[in-house]
Amino acid sequence: YQTFAGDLKWDHNDVTYRILNYSPDMEATLIDDAFARAFKVWSDVTPLTFRRLFEGTADIMISFGKADHGDPYPFDGKDGLLAHAYPPGEGIQGDAHFDDDEYWTLGTGPAIKTHYGNADGAMCHFPFLFEGKSYSTCTAEGRTDGLPWCATTADYDKDQKFGFCPSELLFTFDGNSNGAPCVFPFVFQGVKYDSCTTEGRTDGYRWCATTANFDTDKKYGFCPNRDTAVIGGNSEGEPCQFPFTFLGNKYSGCTSEGRNDGKLWCATTSDYDTDKKWGFCPDRGYSLFLVAAHEFGHALGLDHSNIKDALMFPMYKYVEDFSLHRDDIEGIQYLYGPKTGPDPTPPVPQSTTSSSIVPTKSTTVSTTVHVDPSKDACQIKEFDAITEIQKELHFFKDGYYWKTSNKGDRKGPFLISQKWPALPAVIHAAFEDQLTQKIYFFSEKQFWVYTGNDVLGPRKIEKLGLPNNLDRVDGAVQRGKGKVLLFNGENFWRLDVKAQMIDRGYPRFVDTVFGGVPTDSHDVFLYKGFFYFCRESFYWRMNAKRQVDRVGYVKHDLLKC
Amino acid sequence: WCVPLKSVYVTFPGDVIKNMTDIQLADEYLKRYGYIDVLQKSGLQAVTSPSKALKKLQNQFGLEETGKLDQPTIDAMKQPRCGVPDIRN
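Protein sequences, first through last, are from chains A and B. Taking the working numbering, the leading residue of the first sequence gets 24, the next gets one more, and so forth. Taking the working numbering, the leading residue of the second sequence gets 8, the next gets one more, and so forth.
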């Protein structure tokens with residue numbers, strides 16, 4: 024690893040960042056999430072913390088731009104140079120810029136989060152079947168309003184799960200219209216426009232008015248890229264036009280003809296030879312998370328490494344299961360030292376005067392509990408346990424819990440110790456017995472049973488007939504009345520709740536009964552009749568027919584972040 | 008049917024990645040990423056030979072240090088990458 028001359032670094036550990044604008048390639052929440060995960064790469068191994076600002080000057084100002092974007096180092100169009108960042112310091116120092124002529128994804132092709140529909144914002148599933156035909160992109164087939172949509176499972180005909188894809192007909196981003204959709208036609212400088220335009224701008228971004236007349240109302244927003252849109256060229260955002268004519272020949276698909284770099288392109292009108300309108304065809308794109316993690320390394324004071332597998336190596340390489348290389352860890356810890364101890368937990372001062380954030384038990388005086396607002400459920404990658412209690416999904420993490428109702432309202436953080444004082448901070452699994460409404464909590468080799476405010480335990484899990492070398496129970500799923508499946512790694516057991524004993528014939532292997540889910544799930548729970556198996560920030564949802572019908576983000580789909 | 012197709016290369020309007028020759032590409036790359044100092048042109052510093060600069064680059068990327076613009080080096084220069092220079096003045 025290398026650091027910048029003079030070991031440039033931040034003189035404080037609470038580093039702030041601000042996202043100044045968004046790329047049209049990805050939904051804003053996915054971009055927020057990619058940046059947050061990229062910062063976490065570094066905060067996991069140092070004492071650094073990263074706080075997002077929404078106004079004012081932050082240490083690290085993040086922006087997307089094209090070509091000449093306001094600093095002395097212009098970008099170069101698609102591919103080649105992807106992003107750059109400045110070492111720590113005042114002004115532009117510490118800032119990170121991303122080339123918006125790239126196609127920003129999660130690294131494996133279009134990452135399309137749906138809106139509305141009936142799939143709770145799940146990601147599109149490509150390819151998907153609709154009326155027997157396979158689709159690899161969003162489509163407006165089957166609709167009369169032209170809104171592109173996709174299925175969120177492999178087979179729309181069977182599952183009927185769908186959502187709408189980003190388009191200017193659905194929403195805009197940035198601008199001054201709070202995400203309102205485009206209004207077509209709209210008038211700009213006396214001219215009517217029937218589609219998004221780059222007219223009036225020098226940065227190449229496509230925009231539209233969100234009322235019928237920009238000249239009078241001045242309301243506008245930027246158009247999200249459709250997944251079928253071309254990247255770069257001189258028609259960014261327009262769809263390919265097939266067939267098109269190029270040098271007298273007809274093409275009905277993307278081609279690399281005419282280029283010596285092998286990149287696939289298409290024309291966006293039917294005749295390239297006369298109109299000269301073109302762009303690159305969408306590809307796997309670059310992982311915004313990986314590139315951001317690299318750039319933030321610069322923003323924290325790391326220069327390029329010459330170790331090929333290090334994050335700070337200057338070349339982009341997509342890796343699916345990213346982990347920070349030893350070289351990167353040594354580099355950043357040379358500057359800031361290692362992370363010491365657990366995350367700090369806030370003090371819990373008590374007073375008798377003001378209202379309560381956390382509902383307390385029947386005490387005579389109202390108690391104020393100050394919960395650290397920075398304990399944001401949406402920033403947590405992996406929860407200790409997730410379970411449904413009294414029809415609300417509960418998410419447990421390090422002494423806190425959050426809950427979401429069926430309507431999707433999220434509440435919390437609450438202190439576990441306030442609601443269930445006998446429990447330790449870390450809960451590995453929990454379930455509510457459907458017959459008795461007793462709530463069982465598991466933590467390491469112990470469990471507790473709550474009936475209202477009364478508690479039994481801790482008791483050892485081996486008393487239930489679980490093996491004494493079992494380190495913990497990672498998940499619990501109610502199976503009919505009086506039976507619960509308890510999970511640990513690749514094994515599961517069936518507990519007879521009434522007998523308080525594991526049934527004969529267990530453990531069984533997870534993959535023999537629940538095919539297609541991770542065998543190293545750290546949370547397993549039942550919600551709305553589906554089994555959920557969680558690994559890191561993702562879940563695998565299994566229906567009653569034991570088919571995995573969705574893989575999605577815990578924070579987007581369940582926490583509604 | 009086995010006669011190779013004749014390819015025609017076109018400079019697309021607005022395409023900022025021009026159809027450069029490998030030598031042009033290398034020249035720009037070595038300057039942009041700090042292997043050749045741009046101040047050399049004004050005669051303020053001793054000129055680094057392209058061969059020396061290429062060796063530096065090949066060392067950085069773990070390639071065989073031939074000092075020549077060989078195919079592995081050209082391929083490395085065409086890889087997507089971060090815009091921060093590898094070598095600082």
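Built from N, CA and C at the ideal position, the CB exists for glycine as well. Fair warning: this is a prediction, and the values are worked out from it, not measured in the lab.
Amino acids of chain C, ordered along the chain, whose beta-carbon sits closer than 8 angstroms to that of residue i
i, result
"Y96(A)", "This model lacks chain C altogether; the protein chains it does include are A and B."
8 angstroms Cβ cutoff, residue i in contact with chain B
i, result
"D50(A)", "Just to set this straight, residue 50(A) is Glu in the shown sequence, not Asp. No, E50(A) lies away from the interface with chain B (no Cβ there is under 8 angstroms from its Cβ)."
"R282(A)", "yes"
"W65(A)", "no"
"G103(A)", "yes"
"L358(A)", "no"
"K331(A)", "yes"
"M565(A)", "no"
"Y126(A)", "no"
"H417(A)", "no"
"N44(A)", "no"
"H148(A)", "no"
"Y309(A)", "yes"
Residue-chain proximity (residue i, chain A), Cβ-Cβ < 8 angstroms
i, result
"Q78(B)", "no"
"D93(B)", "yes"
"Q67(B)", "yes"
"Q31(B)", "no"
"K59(B)", "no"
"Y16(B)", "yes"
"L64(B)", "no"
Beta-bridge partners of residue i, as assigned by DSSP
i, result
"L313(A)", "None, per the DSSP bridge assignment."
"C231(A)", "G244(A)"
"L549(A)", "F554(A)"
"A252(A)", "P262(A)"
"L479(A)", "V472(A)"
"K506(A)", "D519(A)"
"Q212(A)", "Paired residues: none, contrary to the question."
"C173(A)", "G186(A)"
"D294(A)", "T268(A)"
"D326(A)", "Q25(A)"
"W425(A)", "F418(A)"
"L438(A)", "Y423(A)"
Contacting residues, own chain, Cβ-Cβ under 7 angstroms from residue i (five flanking each side not counted)
i, result
"S428(A)", "E415"
"K273(A)", "P266"
"E559(A)", "K404, E405"
Classification of residue i by the beta-carbon crowding that lies within 10 angstroms, buried from 16 upward
i, result
"K32(A)", "buried"
"H545(A)", "buried"
"D67(A)", "exposed"
"H35(A)", "exposed"
"Q67(B)", "buried"
"I355(A)", "buried"
"P541(A)", "buried"
"Q460(A)", "exposed"
"T474(A)", "exposed"
Beta-carbon contacts of residue i that lie in its chain and below 8 angstroms, excluding the five residues immediately before and after
i, result
"G213(A)", "D238"
"G69(B)", "none"
"T278(A)", "F269, L287, W288, C289"
"T137(A)", "G144, A145, M146, C147, W172, C173, T175, F185, G186, F187, C188"
"L582(A)", "A400, C401, F418, W425, T427, R433"
"A33(B)", "P57, L61, L76, T80, I81, M84"
Backbone CA spacing between residue i and residue j [nearest angstrom]
i, j, result
"Y341(A)", "A134(A)", "15 angstroms"
"D326(A)", "A60(B)", "19 angstroms"
"R166(A)", "F187(A)", "11 angstroms"
"A232(A)", "V571(A)", "42 angstroms"
"S310(A)", "R527(A)", "48 angstroms"
"D118(A)", "E125(A)", "19 angstroms"
"E113(A)", "A61(A)", "22 angstroms"
"V91(B)", "L493(A)", "50 angstroms"
"M27(B)", "D82(B)", "14 angstroms"
"W65(A)", "G320(A)", "8 angstroms"
"N283(A)", "T291(A)", "20 angstroms"
"L104(A)", "E455(A)", "53 angstroms"
"P262(A)", "F303(A)", "10 angstroms"
"T52(A)", "A408(A)", "24 angstroms"
"H120(A)", "H107(A)", "5 angstroms"
"F548(A)", "F149(A)", "27 angstroms"
Nonlocal neighbours in the same chain, by C-beta distance under 6 angstroms from residue i, ignoring five residues either side
i, result
"T387(A)", "Annotation note: pLDDT 28 at T387(A) (below 50); position unreliable, coordinate value reported separately. Answer for T387(A): no residue qualifies."
"I439(A)", "G422, Y424, L446"
"L508(A)", "V500, R502, F515, R517"
"Y529(A)", "W516, R517"
"D240(A)", "T234"
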